[in-house]
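Structure first, commentary second.
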Amino acid sequence: MDDNKVIRQLIRVNLELEGFEVVTAADGAECLEIVERVRPDVVTLDVVMPRLDGLRAAARLRGDPCTRHLRIAIVSACTHAEIESGLQAGVDAFLSKPFEPAELVRLVRRLAHTPRPSSGAPGADRPHPRRPAPRLS
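Dropping the structure here:
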């Protein structure tokens, strides 16, 4: 998810070249709608977004029993306070902008193939199916 169309295309192209199935969103509200429909394995979020920012989108994903198992990465030029807020919201990883495409691919590959640790919350440790090509929103 990124409100910048060029960044969305950069993310899409680089991940699709590596075999990932990618669905993009222009803001946090659209991201939540897509996640509900597509059920991706990994979600990347920018912090500063219209309608619903990335940190609030991450918190909502973690608060929903159906999506709390998703791996979430913030891809943004974050301040220390935003990183702290992201960690509190349950973000799994951070990638600072500007980034090298290879860094993005490594991060998404690692998240897609590493199950999220159980938080002890109901449903948090339930298995979720893996697709041959992990999905990214």
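Numbering (our numbering), first residue to last: 37 to 173. Where a beta carbon is used, it is the ideal one built from N, C-alpha and C, also for glycine.
Rounded to the nearest whole angstrom, the C-alpha separation of N50 and P101 is 30 Å.
Out of P151, M37, A138, the CA that lies nearest to the CA of R87 is found in M37. Collapsing the DSSP output to three states places L88 in coil.
Taking the Cα of A65 as reference, the smallest distance to any Cα among F56, D82, L143 is reached at D82.
When DSSP states are grouped into helix, strand and coil, E72 belongs to the helix group.
Rounded to the nearest whole angstrom, the CA to CA distance from K41 to E136 is 17 Å. It is roughly 25 Å from the alpha-carbon of A138 to the alpha-carbon of P153. Between I43 and the set K133, V141, R145, the nearest pair of CA atoms involves K133.
The alpha carbon of G126 has as its nearest neighbour, out of R98, D77, V84, R48, the alpha carbon of R98. When D128, R96, I110, T150 are compared, the shortest CA-CA separation from E72 is found for R96. In this structure, the alpha-carbon of L53 lies about 28 Å from that of L91.
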